[in-house]
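J.: Residue numbers (the working numbering), protein chains in the order written: chain E, 746 to 869; chain C, 220 to 389. Attaching a single structure in C-alpha cells format; questions to follow.
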Amino acid sequence: MTPATAAVPEVDVLIFEIAGTRYGTDVTQVTRISRSGTVKPVRTALGETSAGTKALVFNTPAGERALPVDRVHGVERLKATDLRRMPVATAAPAVFAGAWLSPAATILLLDMSQLVHFAERKIE
Amino acid sequence: MSPSPLQAAIDAAPERASTGDQRVEEEIFIFGVGALTLGAASHSIREVTRLGPITPLPRSPAFVMGVVGHRGDVVPLVDLLRFFAQGEMKPGGRSRFYIGENQGQRVGFLTDAVFGLRRIDTADRIQAPMGSGAQSEFVTGLVRVKDLPTVSLLDLPRIIAAARARVVAR
Chain E
746 MTPATAAVPE VDVLIFEIAG TRYGTDVTQV TRISRSGTVK PVRTALGETS AGTKALVFNT
806 PAGERALPVD RVHGVERLKA TDLRRMPVAT AAPAVFAGAW LSPAATILLL DMSQLVHFAE
866 RKIE
Chain C
220 MSPSPLQAAI DAAPERASTG DQRVEEEIFI FGVGALTLGA ASHSIREVTR LGPITPLPRS
280 PAFVMGVVGH RGDVVPLVDL LRFFAQGEMK PGGRSRFYIG ENQGQRVGFL TDAVFGLRRI
340 DTADRIQAPM GSGAQSEFVT GLVRVKDLPT VSLLDLPRII AAARARVVAR
C-alpha cells in the first residue's frame with residue numbers, strides 16, 4: 746500500500762453547544778446523554794448554559810459527572826487530517842485537546858478526562 | 220591621449236557615498252486599532268485577511284480573543300487594545316486581522332482599519348516619549364506619514380514574545 750492510498754484515521758466526535766459556542770469531544774468519552782440535574786455537574790469556564798436541559802455524562806475516578814449543555818448537535822466522523830493541535834502560543838489548558846477546522850468555524854475539542862481539573866476561573 | 224568622458228567621470232567619483240547621500244528606507248505596514256495609528260515592519264507581517272468566525276478560548280488571558288482557522292492552521296487572535304490596557308476592540312464587518320510571526324509562532328492581530336504599506340526613511344523616525352502609555356515598551360519610534368496621524372512603530376516580534384510569556388505565566 747502506498748502512502749497515497751493509506752486510509753486516513755477517522756474519529757467520531759460528539760458536537761455540542763454551550764453558551765453559544767460549539768465544542769466537540771471523542772464520543773467514546775461520553776457514557777450517555779442525560780437530563781441535567783440527574784448526575785453531579787461540573788462547573789467549568791466554558792460558560793453558563795441558558796436553555797439546556799441535557800448533560801453529557803462521563804466517568805471520572807470519583808464517579809460519574811455531567812457537563813450541562815445547551816444543545817447536542819450530533820456525531821461527526823472526522824478525518825485526522827481535519828484536526829489540529831492547539832497552537833503553542835495559546836498555552837491552552839490540557840482540557841483543549843485540539844481543534845477541528847470545520848467549514849463554518851474552528852471547533853475546540855475537549856478531553857473529558859481533563860474537564861474536572863478545568864474549574865471555572867476568570868483571568869484578566 | 221585624453222581620457223574618455225566616462226573615464227573622466229569615474230576618476231572624479233568619490234570613494235564612498237557621503238552621509239547626505241545615504242538614504243535607508245524601510246517598508247512598514249500601517250493599521251488602526253481604536254484611536255491608535257500603528258505600524259510594524261512589513262517583514263514581520265505574513266498576511267492581512269478578512270476576519271472569520273472567532274472561537275473563544277476559555278480561561279485564556281483577556282487579550283486573547285480566541286482562535287481562528289486560517290489556511291489550515293489554528294491561530295490565536297490578540298486584541299492589542301486589551302494587551303496595551305487601553306480598552307477593548309469590537310470586531311465588525313470591516314475588521315481585518317494580520318498574521319505576525321516570531322520564532323515560528325504565528326499570532327493574529329485584530330485591526331479596525333488597514334492603511335497599507337508605506338516606505339519611510341529611517342532618518343525620519345523620532346524617538347517615542349518615555350512612559351507614553353502601557354504600549355511604550357513595545358514602541359520603537361514614531362514617524363509622520365502623509366495623510367495620516369503620527370504612526371507609532373511597534374516591535375511586533377517583541378509583542379508576540381511578551382504575549383506568549385503572559386499566557387504561560389498565568
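Glycine is no exception: its CB is placed at the ideal position from the N, C-alpha and C atoms. Remember, predicted model here, so these are calculated numbers, not experimental data.
Thinking C-beta only, is Met308 (chain C) closer than 8 Å to Leu329 (chain C)?
T.: Your numbering for residue 329 (chain C) matches position 110 in the second sequence. Your numbering for residue 308 (chain C) matches position 89 in the second sequence. In contact: Leu329 (chain C) and Met308 (chain C) (Cβ atoms closer than 8 Å).
J.: According to a CB-to-CB cut-off of less than 8 Å, which residues of the segment 280-296 of chain C neighbour chain E?
T.: Cβ contacts with chain E: Pro280, Ala281, Val283, Val286, Val287, Gly288, Gly291, Asp292, Val293, Val294 and Pro295.
J.: Distance check for Val775 (chain E) and Lys824 (chain E), CA to CA, integer angstroms please.
T.: Walking along the first sequence from the start, residue 824 (chain E) turns up at place 79. Walking along the first sequence from the start, residue 775 (chain E) turns up at place 30. If you take the alpha carbons of Lys824 (chain E) and Val775 (chain E), they lie about 20 Å apart.
J.: Please tell me whether Thr876 (chain E) has its Cβ less than 8 Å away from any Cβ of chain C.
T.: There is no way to answer for residue 876 (chain E), as the model of chain E reaches only from 746 to 869.
J.: Which residue wins for smallest C-alpha separation from Pro295 (chain C), given the options C:Gly312, C:Tyr317 and C:Arg363?
T.: Sequence index remark: in the second sequence, residue 295 (chain C) carries index 76 (1-based). Selected option, being the one with the closest Cα: C:Tyr317.
J.: Skipping 5 residues on each side, what residues in its chain have a beta carbon closer than 6 Å to that of Val243 (chain C)?
T.: Residue mapping note: residue 243 (chain C) aligns to position 24 of the second sequence, counting from 1. These residues qualify, in order along the chain: Thr341.
J.: Short check: CB of Ala800 (chain E) to CB of Val814 (chain E), under 8 Å?
T.: Taking the first sequence and counting its residues from 1, one reaches residue 800 (chain E) at position 55. Taking the first sequence and counting its residues from 1, one reaches residue 814 (chain E) at position 69. Against a cut-off of 8 Å, the Cβ pair of Val814 (chain E) and Ala800 (chain E) comes out as a contact.
J.: Closest Cβ-Cβ distance between Leu270 (chain C) and chain E: below 8 Å?
T.: Working through the second sequence from its first residue, we reach residue 270 (chain C) at position 51. Not an interface residue.
J.: Since Arg337 (chain C) sits in a beta bridge, which residues does DSSP pair it with?
T.: Residue 337 (chain C) sits at position 118 when you count from the first residue of the second sequence. Answer is C:Ile247, bridged to Arg337 (chain C).
J.: Contact defined as beta carbons within less than 8 Å: I believe Gly792 (chain E) pairs with Ile763 (chain E). What is the distance between those atoms, to the nearest angstrom?
T.: Here residue 792 (chain E) refers to the residue found at position 47 of the first sequence. Here residue 763 (chain E) refers to the residue found at position 18 of the first sequence. Going by Cβ atoms, the distance from Gly792 (chain E) to Ile763 (chain E) rounds to 5 Å, so yes, they are a contact pair.
J.: Does chain C have any CB closer than 8 Å to the CB of Thr794 (chain E)?
T.: Along the first sequence, one-based indexing puts residue 794 (chain E) at 49. It does not; no Cβ of chain C falls within 8 Å.
J.: Spatial neighbours of Leu367 (chain C) within its chain, please: C-beta separation below 8 Å, excluding the five flanking residues on both sides.
T.: The residue you call residue 367 (chain C) lines up with position 148 of the second sequence. The answer, listed in chain order, is Ile249, Thr256 and Phe334.
J.: How many Å lie between Pro277 (chain C) and Gly291 (chain C) at the Cα?
T.: By 1-based counting over the second sequence, the position of residue 277 (chain C) is 58. By 1-based counting over the second sequence, the position of residue 291 (chain C) is 72. Near 22 Å, if we compare the C-alpha coordinates of Gly291 (chain C) and Pro277 (chain C).
J.: Does the distance from the C-beta atom of Val287 (chain C) to that of Gly327 (chain C) stay below 8 Å?
T.: Residue numbering aside, residue 287 (chain C) sits at position 68 when the second sequence is read from its first letter. Residue numbering aside, residue 327 (chain C) sits at position 108 when the second sequence is read from its first letter. Yes, the Cβ-Cβ distance between Val287 (chain C) and Gly327 (chain C) is below 8 Å.
J.: Assign Pro754 (chain E) to one of two classes, buried (16 or more other C-beta atoms within 10 Å of its C-beta) or exposed (fewer than that).
T.: Position 9 of the first sequence, counted from the first residue, corresponds to residue 754 (chain E). Exposed, because fewer than 16 other Cβ atoms sit within 10 Å of the Cβ of Pro754 (chain E).
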